[in-house]
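Step one of this worksheet: look at the structure below.
Number of protein chains: 2
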Amino acid sequence: MPTIADVAVAAGVSKSTVSRVLSGHFSHIKPATREKVMATVESMNFRPSRVARSLSVRKTYTIGVLVSDIGNPFYADVIHGIEDAGLSKGYSFFLGNTGFDPRRGMDLVNSLIDRRVDGVISLFSRASEDWMSLLSQQGIPASVVNWDFSLTPGLVSISVDFEPGIKAAVEHLVGLGHKHFAHISGPVDLFTSRQRQAVFLDALAACGIPASNVAIIEGDFSVEGGRRAAGELLKRRDRPTAVFAANDQMAIGVMAEARSLGLELPEDLSVVGLDDIWPAAQMEPPLSTVAMPRYEIGFQAMERLMELFQREDPVSGEPLEAQVTTRFIQRASTAGPSHRGTATKR
Amino acid sequence: MPTIADVAVAAGVSKSTVSRVLSGHFSHIKPATREKVMATVESMNFRPSRVARSLSVRKTYTIGVLVSDIGNPFYADVIHGIEDAGLSKGYSFFLGNTGFDPRRGMDLVNSLIDRRVDGVISLFSRASEDWMSLLSQQGIPASVVNWDFSLTPGLVSISVDFEPGIKAAVEHLVGLGHKHFAHISGPVDLFTSRQRQAVFLDALAACGIPASNVAIIEGDFSVEGGRRAAGELLKRRDRPTAVFAANDQMAIGVMAEARSLGLELPEDLSVVGLDDIWPAAQMEPPLSTVAMPRYEIGFQAMERLMELFQREDPVSGEPLEAQVTTRFIQRASTAGPSHRGTATKR
DNA sequence: CTGTTAGCGCTTTCAA
DNA sequence: TTGAAAGCGCTAACAG
């Protein structure tokens, strides 16, 4: 593999000159030599090493992207947003699957530090505060989504406003005549789980439904978890007629479990999810859900992060914030409670 | 951020010594100094720069992973396999979404080259031969899955044996009494699409079903594509009673379209997919499908690639090959053709 | 407009 | 058992 030196001799100029035309600093380069250099670069099929360049300029143009489970299609759209914002600026992305495992996350964070990524984007991955402090300690900015810890400098925080979407969902359900609700939350140690639950309860209260009318059970954001939670929920004497799951995967699990318990959907049970991942629309009945602006989240996370890079000292100064919102998408998994569905099992 | 030199002076030794203990070459280091160095490394919270190291040893321990669309949960499992094989060996992964766009793929490949990845894993992404030749030209080994081009040196090829899974699916369908089949293929310019189709047709032929009894239509591996294809297919006078889609996403699209056309599933139409992505099991009815060993594919791809790295000259010598197989998973989207379903629209 | 020179942070002979 | 020194491939003053 040729180096810049090879190109230099081949073109009969110095390394610096080659470097200059390569990095677009040809403000003061004689067109003729510029052409000559470019020609030999072409002919030698030369591609400058970004690792050498990284070492020299102390910037790698790489970003670490941490997700809990890339199998959740939610992340796919977020990643598209990230790529669209960063690829054209020359960034590449390291993907890390934490698998909800703090230890694995720690290892990943360390490897990202070793690789001197310019920044990291952490997406709802149960980011222990440890990771973040490790990063800021090493002077690496990060972009986090729905984060509850104190916003330290060098952080960009994207917050999701769940209110509009969840409120609309609740009003829809209440308007349909539902009175007995249930919520399957995400892991309670995740801030975003507590947040979703609180907004749901508030919206319900605003509609005159007391918290005593809503059963709450903790899930884990997985289909299986939703299924288990539903199993527990639907066996109760006072079975709810509507359930709101903290994400679509759990909602999908709820539908499966309800069906295997012999319930008709949506007559016997209305279910709404959150995320609007693509499988939601393909369920039978199609799942009503609170849509997240997935692409936007990714795009913003990356954009703001790059904005941070512009600052003289990225890891100090005000943290950057951005807000995105949600909306309810009504599909067919919600309907009025049937006479048979109110309080007894069929 | 401290450098190895800082550590050296702090520990009162030379850079070389620090380097040696850091890289585990303490075969000939006095235990005392070793301890001392490790202690100061700890206390300074020093993490050696992998980019500097990469430049020095001419190996980056990074792999580029190219997928067509990370939104397909299929890739998630493959990526888990890749990570499990490579993470512990110190590799990190650059993710690239080609989005089925050859031009974008080309850009990604070039950026991977610039970053001097040690290898790339290309997963069914409509890898134009161009990419591969570019890579091999630059001396970068690659791992490809279901590749039809001549196996050039420096390549590891994972081939999927579709025969067992598809054959079982076909026998199941034929056993159920189906006579009119349809196939929704992937993009025909993809080798794997042609392969799946051929195996399907062969299996059918082996069961005495002539190709004239099977309608074939080209899809694009997306839900929407499956839907469109089904729309066309199901309007025909001679409507098939069973359709085999080349992947689960298209099969899911088929189910949706069939339903919106007023057909009952599986009574009026049996559908089987391929991949066994998680949403398949959550459909109503649950989708029968030909399962791919997704995790295994990723694991093998990475393992073999590392095996290639061991060779004196990775980009020459015999290409490495590995084979994985498929199996049929019967769920509820397949049933015998009903009297009403044979040849007329309801 | 272009070349010289000194790094960037680590590894690795070669000597001692 | 350890240190000195020369790179790895590129960039960036500083001269000229």
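First to last, the protein sequences are chains A and B.
In terms of the working numbering, the first sequence opens at residue 1 and continues consecutively.
In terms of the working numbering, the second sequence opens at residue 1001 and continues consecutively.
For every residue, glycine included, the Cβ atom is placed at its ideal position computed from N, Cα and C.
Inset, instruction - Could you tell me which of B:S1023, B:Q1138, B:V1067 and B:E1163 sits nearest to B:Q1357, measuring between CA atoms? - result: An answer regarding residue 1357 of chain B cannot be provided, because it is not within the stretch 1001 to 1346 covered by chain B.
Inset, instruction - Determine the chain A residues that contact B:T1060 at a beta-carbon separation under 8 Å, and present them in chain order. - result: In chain order, V51 make up the part of chain A whose C-beta sits under 8 Å from the C-beta of B:T1060.
Inset, instruction - Measure the C-alpha to C-alpha separation of A:L66 and B:L1234 and round it to an integer number of angstroms. - result: Rounded to whole angstroms, the separation of the alpha carbons of B:L1234 and A:L66 is 43 Å.
Inset, instruction - Measure the Cβ-Cβ separation of B:P1187 and B:A1215 and say whether it is below 7 Å. - result: The answer is no: Cβ separation not under 7 Å.
Inset, instruction - Return the residues of the region 261–285 of chain A that lie within a Cβ-Cβ distance of less than 8 Å from chain B, sorted by chain order. - result: For the region 261–285 of chain A, which is checked against every Cβ of chain B, the residues closer than 8 Å are W278, P279, Q282, M283 and E284.
Legend entry - C-alpha gap between B:V1170 and A:A246, whole angstroms: So the alpha carbons of these two residues sit roughly 40 Å apart.
Inset, instruction - Mark B:T1003 as exposed unless 16 or more other C-beta atoms lie within 10 angstroms of its C-beta, in which case mark it buried. - result: By the 10 Å Cβ count, B:T1003 comes out exposed.
Legend entry - chain B within 7 Å of A:G86, Cβ atoms only: The beta carbon of A:G86 sits no closer than 7 Å to any beta carbon of chain B.
Inset, instruction - Identify each residue in the region 1120–1151 of chain B for which the Cβ-Cβ distance to at least one residue of chain A is less than 8 Å, and report them in chain order. - result: From the region 1120–1151 of chain B, only Q1137, Q1138 and G1139 have a Cβ closer than 8 Å to chain A.
Inset, instruction - Say yes only if the C-beta of B:F1124 is nearer than 6 Å to one or more non-hydrogen atoms of the ligand PLP, and no if none qualify. - result: Only the bare structure without any ligand can be found here, which leaves the ligand PLP out of the picture.
Legend entry - A:R327, enclosing beta strand (DSSP E) - first and last residue: Per DSSP, A:R327 is one residue of the beta strand (DSSP E) stretching across R327 to I329.
Legend entry - C-alpha gap between A:L173 and A:D238, whole angstroms: Going by the C-alpha atoms only, they are around 18 Å apart.
Legend entry - Three or more C-beta pairs below 8 Å linking the region 295–306 of chain A and the region 116–125 of chain A: In short, these stretches touch, since the Cβ pair count reaches three.
Inset, instruction - Return the bridge partner residues of A:V160 from the DSSP annotation. - result: According to DSSP, A:V160 bridges with A:V324.
Legend entry - The beta strand (DSSP E) enclosing B:G1226, as first and last residue numbers: Looking at the DSSP string, B:G1226 is not in any beta strand (DSSP E); the run it does join, the alpha helix (DSSP H), is V1223 to L1234.
Inset, instruction - Compare the beta carbon distance of A:H178 and A:Q197 with 7 Å and say whether it is the shorter of the two. - result: Not closer than 7 Å, so no.
Inset, instruction - Determine the contact status of A:P102 and A:S128, defining contact as a CB-CB distance below 7 Å. - result: Yes, the pair counts as a contact, with Cβ atoms nearer than the cut-off.
Inset, instruction - Throw me the rounded Cβ distance for the B:D1275 and B:M1292 pair, which I believe falls under 8 Å. - result: Right, their Cβ atoms sit about 5 Å apart.
Legend entry - Whole alpha helix (DSSP H) elements within the region 119–149 of chain A, 4-residue minimum: Counting only unbroken stretches of 4 or more residues, the alpha helix (DSSP H) elements lying wholly within the region 119–149 of chain A are 129–137, in sequence order.
Legend entry - A:D155 in three-state terms, based on DSSP: According to the sequence provided, residue 155 of chain A is Leu. The question's Asp does not apply to it. In the three-state DSSP reduction, A:L155 falls in the strand class (E or B).
Legend entry - Assigned exposure category for B:R1294 - 16 Cβ within 10 Å defines buried: Classification for B:R1294: buried.
Inset, instruction - Compare the Cα-Cα distances from A:G231 to each of A:E218, A:D220, A:P48 and A:A258 and report the closest residue. - result: Of the listed residues, the one whose Cα sits closest to A:G231 is A:A258.
Legend entry - Contact set between B:L1095 and chain A, taken where Cβ atoms lie within less than 7 Å: For the C-beta of B:L1095, the chain A residues within less than 7 Å are, from N- to C-terminus, F93 and L95.
Inset, instruction - Give a yes or no on whether 7 Å exceeds the smallest Cβ distance from B:I1113 to chain A. - result: Closer than 7 Å to some Cβ of chain A, the Cβ of B:I1113 qualifies, so yes.
Inset, instruction - Rounded to whole angstroms, what's the CA-CA distance from A:S159 to A:T325? Just pull it up for me. - result: Whole-angstrom Cα-Cα distance: 8 Å.
Inset, instruction - Return the CA-CA distance between A:D77 and B:M1044, expressed in angstroms with no decimal places. - result: Counting only the Cα atoms, B:M1044 lies some 39 Å from A:D77.
Inset, instruction - With 9 Å as the limit, tell me which residues of the region 69–85 of chain A have their beta carbon closer than that to any beta carbon of chain B; keep them in chain order. - result: Of all residues in the region 69–85 of chain A, only D69, I70, G71, N72, P73, Y75, A76, D77, I79, H80 and E83 place a beta-carbon less than 9 Å from a beta-carbon of chain B.
Inset, instruction - Determine, using beta carbons only, whether B:I1329 comes closer than 7 Å to chain A. - result: It does not: the Cβ of B:I1329 has no partner Cβ on chain A nearer than 7 Å.
Inset, instruction - Return the first residue and the last residue of the alpha helix (DSSP H) that A:G71 is part of. - result: Note, A:G71: premise wrong, no alpha helix (DSSP H); not H, not E.
Inset, instruction - Check whether the Cβ of A:R47 lies closer than 7 Å to any Cβ atom in chain B. - result: With 7 Å as the cut-off, A:R47 counts as an interface residue toward chain B.
Inset, instruction - Would you mind telling me which residues of chain A sit closer than 7 Å to B:V1223, beta carbon to beta carbon, in chain order? - result: By Cβ distance, chain A contributes W278 and Q282.
Inset, instruction - Closer than 9 Å by beta-carbon distance: list the chain A residues that pair up with B:R1259, in chain order. - result: Listed along the chain, the chain A residues whose CB falls inside 9 Å of the CB of B:R1259 are E284.
Inset, instruction - Compare the C-beta of B:I1252 with all C-beta atoms of chain A and state if any pair is closer than 7 Å. - result: The beta carbon of B:I1252 sits closer than 7 Å to some beta carbon of chain A.
Inset, instruction - Using DSSP bridges, identify the partner residues of A:D275. - result: For A:D275, which the question treats as bridged, DSSP gives the partners A:A291.
Legend entry - Which of helix, strand or coil DSSP assigns to A:T62: Strand, per DSSP.
Inset, instruction - Mind checking who A:G96 pairs with in its DSSP beta bridge? - result: A:L66.
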